[in-house]
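Participant: A single structure is presented below for examination.
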Amino acid sequence: MTLSSVSIKRPVLAIVLSIVLVIFGIVGLLNLEVREYPNIDAPIITVTTNFPGANSDVIESQITEPLEQSINGIDGISIMSSTSREQRSQISVEFDLDKDIDAAANDVRDRVSRVLRQLPPDIENPSVEKADADATPIIIVFVSSNTKNVLEVNNFAANVIAEKIQTIKGVSSTRIFGERKYSMRLRFNPDKLNSYSMTPLDVERVLAKENIELPSGRIEGDNTELTIKTFGRLSTPDEFNNLIIKNVDGSVIRLSDVGYAEYGPENERNEVRGYGLPGVAVAIIPQPGANVLQISDEFSKRFAEIKKDLPEGIEANVIYDFTTFVRKTVFEVEETIFIAFGLVVLIIFLFLRDWRSTFIPVVAIPVSILATFFILYLADYSINVLTLFGVILSIGLVCDDAIVVLENIYAKIEQGMSPMQAAYKGSREIFFAVVSTTITLAAVFL
């Protein structure tokens, strides 16, 4: 006994089964994540190491090569590439698809820590990120002010906006373009330095000795215990200007004698401007395989809270949002599904000219599509452009099967059979042909 025969003999059972399929399909639809493409991104880990003042040759030989040799022994590496540029080394490690990204990051951190002693002592600690070094930002926020300087704007963007965004699930890191970190800049007069037979390197050595805070122990008594703290760190321009950098025959030479200290940005080589104002741009970098739509939804909630607490004079605006294009793409595909469904129903009605016959595909199409979403949910798939295209194709398959069965039943009725007999015999004759055709088409698409 075929499924069609059971449906004809037991219509209540068929209706209940259809309702159950619809309910399960709705449950699956509500729990499926929405994204642009399926999650097929390979795990990528990036190791970034900064070495201030070093050229690309030094970066390559002293940092990149030792790190590559250590990382190369990790199991499951698919591709490893590196870039050595002035002051920075970047190594991107792509793993096999079945490698867990957290496990991959831990393996890379372990290998990096093993080789740290072989690297130059003046480097910044290597950072390990679960993202591609060349990953494209999905959201960029521009922060500016017409009353505050760029240093204050950068401080707010880094300590408030970037930190709140960084904790969003799926975000690998935040990058600040046009970054202006607070720093103490020392500006020298070359002629004055030369007159005292000094170079900037001599001043740097003095700073390394004097601008330091060391543990000083504690003083213990019978009834008291005091912790000693030495204030050796210089923090203001005046303290730097008064620093003694040389003593010649009892004559004290201070920093102010050869130059001066002032607050300034750590990096003055690049600048970001928007709306006619200088500022900084905070970019969100997603993890490989992360759902950018979920990141965008959570970002919108947090950004609304940030906007409420903005200091007076500071403006923050989203100037780029890649997820807008993703949402439009998914919406257009969903719109195509409804258009295809409407056209199919209209064409069937125009040819059959019978609303009862048209009603069959009208019911069959939604039931089939909704039931498909439950299968997608069980398979841990997502609603994306490719799965929606598959749904569009399935509309044609369902209609083809329905029309073929209807035509065979009508042929039996025209031969003088009763509607019930025609439905039973017509569907039974063509059942296996329809099933085999559908399976063949599905196999072709697979």
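So the sequence shown is numbered by my numbering: it starts at 142 and just counts up by one.
Idealized CB from N, CA, C, for every residue including glycine.
The structure presented is a predicted model; accordingly, all values stated were derived computationally and were not measured.
1) Using the Cα positions of residue 236 and residue 209, report the straight-line distance between them to the nearest angstrom.
2) Here's the rule: buried if 16 or more other CB atoms are within 10 angstroms of the residue's CB, otherwise exposed. What is residue 270?
3) So what's residue 196 in DSSP terms, helix, strand or just coil?
4) Whose C-alpha, out of 153, 173 and 149, is nearest the C-alpha of residue 511?
5) What would DSSP say about residue 353, mapped onto helix, strand or coil?
6) To the nearest angstrom, report how far apart residue 404 and residue 378 are at their CA atoms.
7) Strictly by DSSP, which residues pair up with residue 404?
8) Do residue 205 and residue 219 have their CB atoms nearer than 7 Å?
9) Going by the beta-carbon positions, is the gap between residue 176 and residue 411 smaller than 7 Å?
10) What are the start and end residues of the alpha helix (DSSP H) that includes residue 551?
11) When the Cα atoms are used, what is the spatial distance from residue 468 to residue 461?
12) Residue 370 to residue 184, Cα distance in whole Å?
13) I'd like the ranges of any beta strand (DSSP E) spanning at least 3 consecutive residues and lying wholly in the stretch 183–227.
14) With 16 other CB atoms within 10 Å as the buried threshold, where does residue 427 fall?
15) Does residue 463 come out as helix, strand or coil in the three-state DSSP assignment?
16) Where DSSP assigns a beta bridge to residue 424, which residues make up the other side?
17) Measuring CB to CB, does residue 283 end up less than 7 Å from residue 415?
18) Residue 303: which of 310, 190 and 315 sits nearest, CA to CA?
19) Out of 389, 364 and 151, point me to the one whose CA is closest to residue 338's CA.
20) Report the partner residues of residue 366 according to the DSSP bridge assignment.
21) With a threshold of 6 Å, establish whether the CB of residue 503 neighbours any heavy atom of the ligand MN.
22) Roughly how many angstroms lie between the CA atoms of residue 591 and residue 535, to the nearest whole one?
23) Within the same chain, show all residues whose beta-carbon is closer than 6 Å to that of residue 170, passing over the 5 residues directly before and after it, in chain order.
24) Determine the extent of the alpha helix (DSSP H) in which residue 497 is found, giving its start and end residues.
25) Quick check: what's the CA-CA separation for residue 489 versus residue 499?
26) Considering only their Cβ atoms, is the gap separating residue 306 from residue 246 smaller than 7 Å?
27) Please classify residue 357: is it buried, with 16 or more other beta-carbons within 10 angstroms of its beta-carbon, or exposed?
28) Helix, strand or coil: which one does DSSP assign to residue 289?
29) Anyone know if the C-beta pair for residue 127 and residue 292 falls short of 7 Å?
30) With a 10 Å radius around its C-beta and 16 neighbouring C-beta atoms as the bar for buried, classify residue 194 as buried or exposed.
31) Would you call the stretch 579–586 and the stretch 528–544 in contact, with 3 or more CB pairs under 8 Å?
32) If you draw a straight line from the alpha carbon of residue 149 to that of residue 440, how long is it in whole angstroms?
33) Using DSSP's beta-bridge definition, name the partner residues of residue 269.
34) Going by C-alpha to C-alpha distance, which of 497, 155, 329 and 359 sits closest to residue 345?
35) Helix, strand or coil: how does DSSP classify residue 419 here?
36) By the three-class DSSP mapping on this structure, what secondary structure does residue 309 have?
Facilitator: Taking the coordinates as given:
1) 14 Å
2) buried
3) coil
4) 173
5) coil
6) 7 Å
7) 325
8) no
9) no
10) 526–555
11) 14 Å
12) 46 Å
13) 185–191 and 218–226
14) buried
15) coil
16) 281 and 316
17) yes
18) 315
19) 389
20) 361
21) The ligand MN is not part of this structure, which contains no ligands at all.
22) Beyond the ends of the chain as shown, which are 142 and 587, falls residue 591; an answer cannot be given.
23) 514
24) 496–519
25) 6 Å
26) no
27) exposed
28) coil
29) Residue 127 is absent from the model: the chain starts at 142 and stops at 587.
30) exposed
31) yes
32) 53 Å
33) 188
34) 329
35) strand
36) coil
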